Amino acid sequence: RVSSDGKPPKFQPPPKPVIIDRKTQKEERRFLSPEFIPPRGRTDPLKYYMERKDMIQRRKVFNIPEFYVGHVLAVTTADPCASDKSKRFVGICIQRGGKGLGATFVLRNVIEEQGVEICYELYSPRIQAIEVLKLEKRLDENLMYLRDALPEYSTFDVNMRPVPRMAHEEIPVNKLQVRMKPKPWSKRWERPKYNIKGIKFELPEHKMKAAQKWSQPWLEFDMLREYDTSKIEEKIRKELSEELEK
Amino acid sequence: MMPIWTKSGEKHAVTLLKVQDCHVLRYVSKEESGGKTAKLLVGGKNVSPFSKPESAHEIFKEAGVPRKQKVSTFNVTDDAIIKPGTPLYAAHFRPGQFVDVTAKTIGKGFQGVMKRWGFKGQPASHGQTKTHRRPGAISTNQAAKVYRGKKMPGKMGNIYRTSFGLKVWRINTKHDIIYVNGSVPGHTNCLVKVRDSKLPTYKDCNKNPPFPTFFADGDEELPEDLFDEEIFQFTDPSVTFA
Chain X
1 RVSSDGKPPK FQPPPKPVII DRKTQKEERR FLSPEFIPPR GRTDPLKYYM ERKDMIQRRK
61 VFNIPEFYVG HVLAVTTADP CASDKSKRFV GICIQRGGKG LGATFVLRNV IEEQGVEICY
121 ELYSPRIQAI EVLKLEKRLD ENLMYLRDAL PEYSTFDVNM RPVPRMAHEE IPVNKLQVRM
181 KPKPWSKRWE RPKYNIKGIK FELPEHKMKA AQKWSQPWLE FDMLREYDTS KIEEKIRKEL
241 SEELEK
Chain C
1 MMPIWTKSGE KHAVTLLKVQ DCHVLRYVSK EESGGKTAKL LVGGKNVSPF SKPESAHEIF
61 KEAGVPRKQK VSTFNVTDDA IIKPGTPLYA AHFRPGQFVD VTAKTIGKGF QGVMKRWGFK
121 GQPASHGQTK THRRPGAIST NQAAKVYRGK KMPGKMGNIY RTSFGLKVWR INTKHDIIYV
181 NGSVPGHTNC LVKVRDSKLP TYKDCNKNPP FPTFFADGDE ELPEDLFDEE IFQFTDPSVT
241 FA
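Chains as they are written, first to last, in full-length UniProt numbering: chain X, 1 to 246; chain C, 1 to 242.
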């Protein structure tokens with residue numbers, strides 16, 4: 001190229017490459033509450049659609065926060081017998097069950113050395129507020145073994161302040177291994193069917209080996225039990241995001 | 001089945017029934033049928049016409065309607081006669097009404113006496129030889145015969161049964177769905193006959209229902225959802241006790 005002055009053109013450095021990090025973009029955390037996913041069965045999908053409409057309607061009026069098993073929650077319910085007409089209970093979420101409008105979650109706490117578990121319905125109109133006090137996931141989806149663990153693992157302060165969330169990114173996983181009371185337990189948690197990773201088993205080796213007798217290694221290859229929810233989840237997520245933006 | 005909450009916070013279980021392509025097929029007068037009232041034949045869900053012979057299609061051709069899977073009769077007074085061929089919708093019922101629901105129960109096949117009639121059977125141990133679920137004695141010595149209708153093992157289920165006095169909580173006019181209190185006989189997606197309740201307590205319960213039925217091409221424009229007065233609607237804030 002010929003420049004205006006006859007001198008060689010000024011060196012222009014090549015443009016810096018723009019690196020689009022596809023991996024981090026794909027991992028945007030999109031949480032879908034498990035009660036929206038319909039169970040496998042021969043029911044008409046219209047029934048689940050009508051239920052979802054009601055659930056979305058409730059969520060527009062009342063905020064149900066995102067929470068997993070292992071979070072510490074405080075729930076205020078309306079109660080005609082209480083003096084203030086409302087009751088507040090703090091506890092760790094042990095399990096989330098049920099689908100659709102009847103979805104429930106169980107909160108556990110130890111109050112004055114007595115273990116208390118309360119099962120709340122997510123969409124019940126009696127619930128006035130749900131606050132997430134501590135965010136942490138655990139290694140298992142079902143913490144029923146806390147009934148047979150030492151009570152210190154289930155005690156939570158009733159007047160606990162909500163722990164501020166660090167950043168709007170991943171929820172920390174607490175890899176706590178819980179110590180248990182001496183046997184007998186309510187269920188044989190060492191058996192592979194419960195698949196529990198959050199207990200520190202202090203049982204002798206031969207007992208752990210004997211428990212492996214009940215393992216069913218063919219279950220993970222059973223094709224009739226497969227239920228791929230990815231496409232259903234996508235549709236429901238789209239529907240949810242459209243409805244909640246209205 | 002779905003939960004439903006009232007304004008006082010109580011939970012009730014509710015069954016969803018869908019009104020799918022219901023048409024009136026024929027009018028049978030009192031003298032023709034030989035009963036006390038006139039009858040109306042009503043057909044349900046549409047089905048392919050190719051699996052039955054032409055002779056079975058006569059009723060449907062007269063009414064001008066595709067072949068229906070189920071045809072049932074309703075006893076009707078003379079002022080409630082409807083012209084054959086009119087479609088029937090869920091808005092025929094109103095929330096707060098009471099309703100009887102009839103359907104074929106889930107078939108359980110050939111069942112023993114303990115499951116079918118609720119007999120107690122015999123103990124599991126203490127010397128019982130090969131007798132744990134048997135009926136035991138079937139008659140006395142003096143009768144010298146077994147009475148007719150003696151409860152014995154046999155085919156259980158797959159018979160018509162009715163649940164009486166079920167309250168209608170909610171009606172969806174867009175999808176034609178009736179929300180009925182409690183459980184209803186039959187498996188999921190089975191055909192069901194819904195009728196105004198015959199119980200004496202609910203004789204005067206219907207406050208201004210659409211009579212003889214709800215006509216879609218009429219002037220009435222109903223909202224998409226009709227609720228009973230006591231239902232907690234999800235558009236309201238949470239329940240508080242004053």
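Idealized CB from N, CA, C, for every residue including glycine. Treat the numbers as computed from the prediction; the structure is a model and nothing was measured.
Residue i versus residue j - alpha carbon distance
i                         : j                            : result
histidine 206 of chain X  : lysine 200 of chain X        : 16 Å
lysine 130 of chain C     : alanine 144 of chain C       : 26 Å
alanine 74 of chain X     : proline 162 of chain X       : 9 Å
proline 212 of chain C    : alanine 103 of chain C       : 24 Å
valine 158 of chain X     : valine 61 of chain X         : 27 Å
isoleucine 178 of chain C : phenylalanine 227 of chain C : 11 Å
methionine 160 of chain X : leucine 135 of chain X       : 13 Å
asparagine 91 of chain C  : isoleucine 171 of chain C    : Looking at the sequence shown, residue 91 of chain C is not asparagine but alanine. Answer to the nearest angstrom: the Cα atoms are 7 Å apart.
proline 172 of chain X    : phenylalanine 31 of chain X  : 15 Å
asparagine 46 of chain C  : aspartate 217 of chain C     : 21 Å
lysine 203 of chain C     : phenylalanine 60 of chain C  : 33 Å
histidine 101 of chain C  : methionine 223 of chain X    : In the sequence under discussion, the amino acid at residue 101 of chain C is valine, which differs from the histidine named in the question. Distance between the alpha carbons of valine 101 of chain C and methionine 223 of chain X is about 39 Å.
leucine 219 of chain X    : serine 8 of chain C          : 46 Å
lysine 30 of chain C      : aspartate 78 of chain C      : 9 Å
arginine 88 of chain X    : phenylalanine 156 of chain X : 14 Å
valine 90 of chain X      : proline 65 of chain X        : 15 Å
lysine 99 of chain X      : tyrosine 147 of chain C      : 49 Å
isoleucine 20 of chain X  : lysine 85 of chain X         : 55 Å
glycine 96 of chain C     : glutamate 230 of chain C     : 9 Å
lysine 183 of chain X     : phenylalanine 164 of chain C : 51 Å
arginine 147 of chain X   : glycine 115 of chain X       : 8 Å
glutamate 58 of chain C   : glycine 112 of chain C       : 43 Å
serine 215 of chain X     : tyrosine 194 of chain X      : 10 Å
proline 209 of chain C    : serine 72 of chain C         : 22 Å
glutamate 233 of chain X  : leucine 244 of chain X       : 16 Å
residue 243 of chain C    : valine 192 of chain C        : Because residue 243 of chain C is not part of the residues shown, which for chain C are 1 to 242, the question remains open.
proline 38 of chain X     : glycine 102 of chain X       : 12 Å
valine 178 of chain X     : lysine 70 of chain C         : 60 Å
alanine 56 of chain C     : valine 28 of chain C         : 18 Å
lysine 11 of chain C      : arginine 165 of chain X      : 35 Å
valine 239 of chain C     : lysine 175 of chain X        : 39 Å
residue 245 of chain C    : threonine 140 of chain C     : With chain C covering only 1 through 242, there is no way to say anything about residue 245 of chain C.
aspartate 225 of chain C  : lysine 53 of chain X         : 12 Å
tyrosine 49 of chain X    : lysine 16 of chain X         : 50 Å
Cβ distance (whole Å) where residue i is taken to contact residue j below 8 Å
i                            : j                        : result
lysine 52 of chain C         : arginine 67 of chain C   : 7 Å
alanine 38 of chain C        : isoleucine 81 of chain C : 6 Å
phenylalanine 98 of chain C  : arginine 195 of chain C  : Phenylalanine 98 of chain C to arginine 195 of chain C, Cβ: 10 Å. No contact.
tyrosine 15 of chain C       : threonine 43 of chain X  : What sits at residue 15 of chain C in the sequence shown is threonine, not tyrosine. Not confirmed; about 12 Å, so no contact.
cysteine 22 of chain C       : proline 87 of chain C    : 7 Å
glutamate 51 of chain X      : methionine 2 of chain C  : 6 Å
methionine 114 of chain C    : glycine 121 of chain C   : 5 Å
phenylalanine 234 of chain C : glutamine 57 of chain X  : 4 Å
arginine 126 of chain X      : alanine 78 of chain X    : 5 Å
glycine 198 of chain X       : aspartate 140 of chain X : 5 Å
glutamate 117 of chain X     : valine 132 of chain X    : No, glutamate 117 of chain X and valine 132 of chain X are not in contact; Cβ-Cβ is about 19 Å, not under 8 Å.
alanine 63 of chain C        : glycine 44 of chain C    : No, alanine 63 of chain C and glycine 44 of chain C are not in contact; Cβ-Cβ is about 13 Å, not under 8 Å.
valine 76 of chain C         : leucine 25 of chain C    : Not really, about 13 Å apart at Cβ, beyond 8 Å.
Which listed residue (the options) has its alpha carbon closest to that of residue i
i                         : options                                   : result
proline 217 of chain X    : X:Arg237, X:Pro192, X:Glu239 and X:Met208 : X:Pro192
leucine 122 of chain X    : X:Lys235, X:Pro14, X:Pro9 and X:Cys93     : X:Cys93
tryptophan 117 of chain C : C:Asp219, C:Pro49 and C:Gly154            : C:Gly154
valine 110 of chain X     : X:Asp79, X:Ala149, X:Asp140 and X:Lys137  : X:Ala149
proline 223 of chain C    : C:Arg94, C:Ser55 and C:Ala56              : C:Arg94
arginine 161 of chain C   : C:Phe215, C:Ser139, C:Gly136 and C:Thr105 : C:Thr105
proline 45 of chain X     : C:Asn141, C:Glu32, C:Lys167 and C:Lys18   : C:Lys18
lysine 198 of chain C     : C:Leu166, C:Asp219 and C:Glu221           : C:Leu166
serine 186 of chain X     : X:Glu169, X:Leu240, X:Met144 and X:Lys10  : X:Met144
serine 33 of chain X      : X:Glu242, X:Arg237 and X:Lys246           : X:Arg237
glutamate 170 of chain X  : X:Glu202, X:Lys137 and X:Lys7             : X:Lys137
### Task
Kindly provide the ranges of any beta strand (DSSP E) runs that are 3 or more residues long and lie completely inside the segment 8 to 96 of chain X, ordered along the chain.
72 to 78
### Message
Which complete beta strand (DSSP E) runs does the segment 62 to 135 of chain C hold, if anything under 3 residues is left out?
### Response
71 to 76, 98 to 104 and 109 to 111
#### Entry: Residues in the segment 148 to 166 of chain X having any Cβ partner in chain C nearer than 9 Å
none
### Message
Extract the residue ranges of the beta strand (DSSP E) inside the segment 169 to 215 of chain C, only unbroken runs of 3 or more that lie entirely within it.
### Response
177 to 181 and 192 to 196
### Complete beta strand (DSSP E) runs within the segment 92 to 175 of chain X (minimum length 3 residues, chain order)
104 to 111, 114 to 121 and 127 to 134
### Message
At a CB distance below 7 Å, what residues from the segment 54 to 65 of chain X approach chain C? Give them in sequence order.
### Response
Asp54, Gln57, Arg58, Val61 and Phe62
#### Entry: Residues within the segment 95 to 129 of chain X neighbouring chain C, beta-carbon criterion of under 9 Å
Gly100, Leu101, Gly102, Glu121, Tyr123, Ser124, Pro125, Arg126, Ile127, Gln128 and Ala129
### Task
Pull out every residue of the segment 166 to 191 of chain C whose Cβ sits closer than 8 Å to any Cβ of chain X, in chain order.
Asn172, His175, Ile177, Thr188 and Asn189
### Contact residues within the segment 214 to 238 of chain C, judged by C-beta distance below 7 Å to chain X
Phe232, Phe234, Thr235, Pro237 and Ser238
### Message
Counting only Cβ-Cβ distances shorter than 7 Å, please list the residues of the segment 41 to 52 of chain X near chain C, keeping chain order.
### Response
Arg42, Thr43, Asp44, Leu46, Lys47, Met50 and Glu51
#### Entry: Contacting positions in the segment 73 to 95 of chain X - beta carbon closer than 8 Å to chain A
You won't find chain A in this structure, because its protein chains are X and C.
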